[in-house]
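Colleague:
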Amino acid sequence: MEIVIVPDSAAGARVAARLIARVVTAKPTAVLGLATGSSPLGTYAELAEQATSGTTDFSAASGFALDEYVGIPAEHPQSYAAVIDREVTRRLGMDPARVHVPDGRATEIPAACDAYEAAIRASGGVDIQILGIGANGHIGFNEPSSSLSSRTRIKTLTPRTRADNARFFDSLDDVPTHCLTQGLGTIMDARRIVLVAQGSAKAAAVAAAVEGPVSAMCPASVLQFHPHATVVVDEAAAADLTLTDYYRHTYDNKPDWQI
């Protein structure tokens, strides 16, 4: 894992956006793995500025969202179909037909999950997966105890995750109890991964993912096995790491073409 410690969330968004833009510039038809939640919003805003200025062209790129709630309408403002359309597809100038979200309203959930996996494979696979991390170490909605080899499936959200997401809804009772999520095995198939985390609330999860043992109790720790995963964290999210001087030295002395 490549650890990048930045002063604040704005700097983290710029670093992550630069990494993503490089992939799209090198391959205009790149397939992006799109995280939801609050963590990547700054990164998407940076990418939107690049799209608006013409610095990076996303019009031929494709996208696959990490997850979707089960049972809420697609037009609900907090459905991830709506969030991805609002924060990514429109702002980056992507073709809506090339941006895909798991079908949380499917009548046959297992079949919908299999179809999503098949669509990712048919696209040629994800070139760069964007991730956030939950306070309990989840990535996507792969909650603690998720299989490290899991594929797209239905999951029950933990009380902590529902409480964390309640700020997006009118009340905790309105937060769905289930979701569809790409599995950890699906995420690990991406050619490159960039995870962004901000704030002291994520410090323990970041430390467990980066420096702790690989464990299903911290799903993000599986990224230690990935050949090209970059973790971009601000000072607050890096507070519980023990090797911060080493991470700074390693990144600061890495040739630009390796980053």
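If you count the sequence shown from 1, you need to add 54 to reach the working numbering.
Glycine included, every Cβ here is placed at the ideal spot set by N, Cα and C.
Keep in mind that this is a model prediction, so the values were computed, not measured.
(1) Three-state secondary structure (DSSP) at Phe195?
(2) Give the DSSP-derived three-state secondary structure of Phe279 in the structure shown.
(3) Around the Cβ of Ala84, are there at least 16 other Cβ atoms within 10 angstroms (buried) or fewer (exposed)?
(4) With a threshold of 8 Å on Cβ separation, who are the neighbours of Thr79 within its own chain once the five nearest residues in sequence on each side are excluded?
(5) Assuming His130 is part of the beta strand (DSSP E), what are its boundary residues?
(6) In chain order, what residues of the same chain lie with their CB nearer than 7 Å to the CB of Tyr123, ignoring the 5 residues before and after it?
(7) Measuring CA to CA, which of Ala71, Pro94 and Ala99 is closest to Gly253?
(8) On the criterion of 16 or more Cβ atoms from any shown chain inside 10 Å, does Arg221 qualify as buried, or is it exposed?
(9) With a floor of 3 residues, list each beta strand (DSSP E) that falls wholly inside the stretch 230-288, ordered by position along the chain.
(10) Inspect the beta-carbon positions of Asn190 and Arg207 and report whether they are closer than 7 Å.
(11) Since Phe119 and His154 should fall inside the 8 Å C-beta cutoff, what is the C-beta to C-beta distance between them, to a whole number of angstroms?
(12) Assuming Val260 and Asp294 make a contact with CB atoms under 8 Å, what is their CB distance in whole Å?
(13) According to the neighbour-count rule (16 or more other Cβ atoms, all chains shown, within 10 Å of its Cβ), is Gly108 buried or exposed?
(14) To the nearest whole angstrom, what separates the beta carbons of Gly178 and Ile241, a pair I think is in contact under 8 Å?
(15) Looking only at its own chain, which residues have a Cβ that is under 7 Å from the Cβ of Gly147, when we skip the five neighbours before and after it?
Modeller: In short:
(1) The residue you call residue 195 lines up with position 141 of the sequence shown. Of the three classes helix, strand and coil, the one that applies to Phe195 here is coil, per DSSP.
(2) Looking up residue 279 in the sequence shown gives position 225. Helix at Phe279.
(3) Along the sequence shown, read from residue 1 onward, the residue named residue 84 stands at position 30. Counting the other Cβ atoms within 10 Å of the Cβ of Ala84 gives 16 or more, which makes it buried.
(4) To locate residue 79, count along the sequence shown from 1; it is residue 25. Thr110.
(5) Position 76 of the sequence shown, counted from the first residue, corresponds to residue 130. For His130, no beta strand (DSSP E) encloses it, and the DSSP letter there is neither H nor E.
(6) Counting from one through the sequence shown, the residue named residue 123 turns up at place 69. Counting only Cβ-Cβ distances below 7 Å, and skipping sequence neighbours, we find Ser133, Tyr134, Gly158, Pro230 and Cys233.
(7) Counted from its first residue, the sequence shown places residue 253 at position 199. In this structure, Pro94 is the residue among Ala71, Pro94 and Ala99 with its C-alpha nearest to the C-alpha of Gly253.
(8) One-based indexing of the sequence shown puts residue 221 at position 167. That one is exposed.
(9) Counting whole runs of 3 or more residues, the stretch 230-288 contains the beta strand (DSSP E) stretches 232-235, 246-251 and 283-288.
(10) Translated into positions along the sequence shown, residue 190 becomes position 136. Translated into positions along the sequence shown, residue 207 becomes position 153. Result no, Cβ atoms of Asn190 and Arg207 do not sit closer than 7 Å.
(11) On the sequence shown, residue 119 is found 65 positions in, with the first residue counted as 1. On the sequence shown, residue 154 is found 100 positions in, with the first residue counted as 1. It should be noted that the sequence gives Ala, not Phe, for residue 119. About 7 Å separates the two Cβ atoms, so the contact holds.
(12) Reading the sequence shown from its first residue, position 206 is the one you call residue 260. Reading the sequence shown from its first residue, position 240 is the one you call residue 294. With a contact defined as Cβ atoms closer than 8 Å, Val260 and Asp294 qualify at about 7 Å.
(13) Start at 1 with the first residue of the sequence shown, and residue 108 comes out as number 54. Per the 10 Å Cβ criterion, exposed.
(14) To locate residue 178, count along the sequence shown from 1; it is residue 124. To locate residue 241, count along the sequence shown from 1; it is residue 187. Not a contact, Cβ separation roughly 16 Å.
(15) Taking the sequence shown and counting its residues from 1, one reaches residue 147 at position 93. Scanning its chain for C-beta atoms nearer than 7 Å, with the 5 sequence neighbours on each side dropped, one finds around Gly147 the residues Ala105, Phe112 and Ser113, in chain order.
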